[in-house]
């Protein structure tokens, strides 16, 4: 943890800078609030702008650096990933799903607008994320664009985020006893696949060799798993003020998490193992991956 | 209308055959009901399989014929369009939206399953439609795939289906007096853009000249508009038994439609004008577009 503490200001600064750039890009690619359907654009913007750590977008930007990818390309992909992530949060927060009132320190989209508009804004954000990737402004090579689209569509669909959310809903109904394996699969699908894509996207943009692409993908997988466990640890230990969303919800909902299954200490140890493993996948990248290494440390040390 | 009556059996047969082929393709590309998240696949299949006229899929297949596109390619695009359409129906039927109980003669997805699963199945169907298009099985040329993805993402997003649904919701709140122009825009976005894409997709698959692609696109636009008016006419005049969904809902909800604005006769005349205009766009295709011409006639003559 020493390196994390020493490096924290640098990483924090890089995260802040990336978040600001991603915010600008999102502002530019999201539809403007004009015309008779302005309310939809307003809800899409509300759900996406002005909040979030932009960890997924940061992963895209840092994963693109070793390959000399144009910043504008990486930023558009980062924005697409953040739109997809925002859509998933809007739908997860709906009354029929987790029924959450607070997200990124603000009322959730269905409370700030209404339920129908929130459903629609999520739907539109998903479509718009794909539209941004498909546009030739993202990359001149159609082979690169289609590979980004293919991977993101899989990460988002029934064998990705949606599949994971289904498992999460089934787990809450508690018909089957959760195991480390079943929780691992749930989290890999629900949050892991998108993080994997974010880590891998830079290599796709940079037409990297398969080995480098796989290394970043494996980094993303382990980082995502560590991130999810630390999220569950935070839910069990932090305050809503620290995280900007409701906490203590997992225990209240009887939700199956590794924290519930293994206890706090073993869950933390597991997250640390995964973060160390994530770092190892970056060995071949040298110092170009220093920020990604720091991010692995930060993931398990963060309080929000 | 003479030609429609004479040709009806031929078109009906072609529609039936196409629907069967599209059904088989959907069955093959939809995720199987297996593994712990099988319930999601079951809901996606319930919402997509075993119903619907597959008009959009038929448009893809017929639009592809003049260009000698491989049947397997056209069928995958047809399946993707039908999945996207099915997702939009699942979400439109939700309690927070139109709160419909009946669709394609069956209970709507949120009643057959539950609301959360229906939201998720719709989300997953959208992602899966893009994943199917992005897969190289759809077309070996990545430029073709990315153009299909780009156009479908726009047709589905804030400037397409989602934007149209937003306008529909705002119209029901009735804050502004509907005009022919505002209703036209609503319907162009809500249903027109996807029908336009379906008509145009074959030309994209076949790398057709811009002029031919535009002709099919224009055909799709007019056909979609005629189709929507005839849908509103049906809602006002047909029974639920005929259409397999609730009818008389528009008037009950005070929904703004051209039927409400112009009356039945003028709305029917408008649909006939649009159908005739749709046919004219096909002039350069000769007899290869006969089924598309018949479809324009059928659109305004149908009772379901």
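Chains as they are written, first to last, in the working numbering: chain A, 86 to 389; chain B, 86 to 389. We put the CB at the ideal spot given by N, CA and C, even for glycine. Source: prediction; values computed, not measured.
Can you give me the C-alpha to C-alpha distance between residue i and residue j, rounded to a whole angstrom?
| i | j | result |
| --- | --- | --- |
| residue 360 of chain A | residue 245 of chain A | 22 Å |
| residue 162 of chain B | residue 144 of chain B | 10 Å |
| residue 273 of chain A | residue 249 of chain A | 7 Å |
| residue 102 of chain B | residue 171 of chain A | 41 Å |
| residue 87 of chain A | residue 383 of chain A | Because the pLDDT at residue 87 of chain A is just 44, under 50, the model does not fix this residue reliably, and the point stays unresolved. |
| residue 256 of chain A | residue 347 of chain A | 16 Å |
| residue 222 of chain A | residue 158 of chain A | 7 Å |
| residue 134 of chain A | residue 315 of chain A | 24 Å |
| residue 214 of chain B | residue 168 of chain B | 6 Å |
| residue 147 of chain B | residue 358 of chain A | 56 Å |
| residue 212 of chain A | residue 100 of chain B | 29 Å |
| residue 115 of chain A | residue 186 of chain A | 24 Å |
| residue 131 of chain A | residue 125 of chain A | 10 Å |
| residue 374 of chain A | residue 345 of chain A | 33 Å |
| residue 365 of chain A | residue 235 of chain A | 27 Å |
| residue 90 of chain A | residue 108 of chain B | Any reading at residue 90 of chain A is ruled out, since the residue's pLDDT is 48, under 50, leaving its predicted position unreliable. |
| residue 200 of chain B | residue 247 of chain B | 19 Å |
| residue 335 of chain A | residue 322 of chain B | 51 Å |
| residue 179 of chain A | residue 195 of chain A | 7 Å |
| residue 260 of chain B | residue 306 of chain A | 49 Å |
| residue 127 of chain B | residue 367 of chain A | 40 Å |
| residue 227 of chain A | residue 224 of chain B | 13 Å |
| residue 113 of chain B | residue 237 of chain B | 21 Å |
| residue 193 of chain A | residue 309 of chain B | 36 Å |
| residue 312 of chain B | residue 353 of chain B | 11 Å |
| residue 378 of chain A | residue 277 of chain B | 49 Å |
| residue 110 of chain A | residue 160 of chain A | 7 Å |
Nearest to residue i by alpha carbon, out of the options?
| i | options | result |
| --- | --- | --- |
| residue 370 of chain A | A:289, A:150 and A:121 | A:150 |
| residue 183 of chain A | A:345, A:254 and A:313 | A:254 |
| residue 387 of chain B | B:341, B:127 and B:140 | B:140 |
| residue 243 of chain B | A:225, A:258, A:224 and A:217 | A:217 |
| residue 176 of chain B | B:277, B:291, B:267 and B:204 | B:204 |
| residue 381 of chain A | A:211, A:186, A:303 and A:210 | A:303 |
| residue 376 of chain B | B:284, B:350 and B:225 | B:284 |
| residue 293 of chain B | B:220, B:342, B:232 and B:180 | B:232 |
| residue 121 of chain A | B:342, B:263 and B:309 | B:263 |
| residue 266 of chain B | B:129, B:152 and B:343 | B:343 |
| residue 189 of chain A | A:137, A:279, A:276 and A:153 | A:137 |
| residue 155 of chain B | B:385, B:335, B:367 and B:289 | B:289 |
| residue 300 of chain A | A:311, A:276, A:313 and A:286 | A:286 |
| residue 282 of chain A | A:298, A:268 and A:269 | A:298 |
| residue 210 of chain A | A:197, A:351 and A:174 | A:174 |
| residue 166 of chain B | B:241, B:362, B:258 and B:312 | B:241 |
| residue 349 of chain B | B:198, B:191 and B:319 | B:319 |
| residue 252 of chain A | A:110, A:95 and A:341 | A:341 |
| residue 198 of chain A | A:258, A:142 and A:129 | A:129 |
| residue 123 of chain B | B:202, B:181 and B:258 | B:202 |
| residue 363 of chain A | A:351, A:280, A:295 and A:317 | A:280 |
How far does the alpha helix (DSSP H) with residue i in it reach, from first residue to last?
| i | result |
| --- | --- |
| residue 148 of chain B | 140-149 |
| residue 388 of chain B | Premise fails: residue 388 of chain B is in no alpha helix (DSSP H) and is neither H nor E. |
| residue 251 of chain B | 246-258 |
| residue 169 of chain A | 156-177 |
| residue 281 of chain A | 278-290 |
| residue 194 of chain B | 194-197 |
| residue 265 of chain A | 265-272 |
Give a yes or no on whether the minimum CB-CB distance between residue i and chain C is below 9 Å.
| i | result |
| --- | --- |
| residue 252 of chain A | Although the question refers to chain C, the structure presented lacks it and instead comprises the protein chains A and B. |
For the stretch 313-377 of chain B, list the beta strand (DSSP E) runs that are entirely contained and at least 3 residues long, ordered along the chain. none
Along the stretch 223-234 of chain A, what residues have a CB closer than 7 Å to any CB found in chain B? 227, 228, 230, 231 and 234
Can you list, in chain order, the residues of the stretch 192-213 of chain A whose Cβ is nearer than 7 Å to any Cβ on chain B? 200, 201, 204, 205, 208, 209, 211, 212 and 213
Quick check on the DSSP output: what are the complete alpha helix (DSSP H) runs of length 4 or more inside the stretch 200-230 of chain B, in order along the chain? 200-219
Runs of alpha helix (DSSP H) wholly within the stretch 89-138 of chain B (minimum 4 residues, chain order): 123-133
Using a Cβ-Cβ cut-off of less than 9 Å, give me the residues of the stretch 268-292 of chain B that come near chain A, in sequence order. 270, 271 and 274
Name, going along the chain, the residues of the stretch 119-136 of chain A whose beta-carbon falls closer than 8 Å to a beta-carbon of chain B. 121, 122, 124, 125, 126 and 129
Relative to chain B, which residues along the stretch 238-252 of chain A have a C-beta separation below 9 Å, given in chain order? 238, 239, 240, 241, 242, 243, 244, 245, 246, 247, 248, 249, 250, 251 and 252
Residues of the stretch 157-169 of chain A in Cβ contact with chain B at a cutoff of 8 Å, in chain order, please. none
Where the stretch 92-118 of chain A meets chain B: residues whose CB sits under 7 Å from a CB there: 116
Near-chain B residues of the stretch 177-188 of chain A (beta-carbon distance less than 8 Å), N- to C-terminal order: 179, 181 and 182
For the stretch 298-318 of chain A, which residues have a CB atom closer than 9 Å to at least one CB atom of chain B, in sequence order? none
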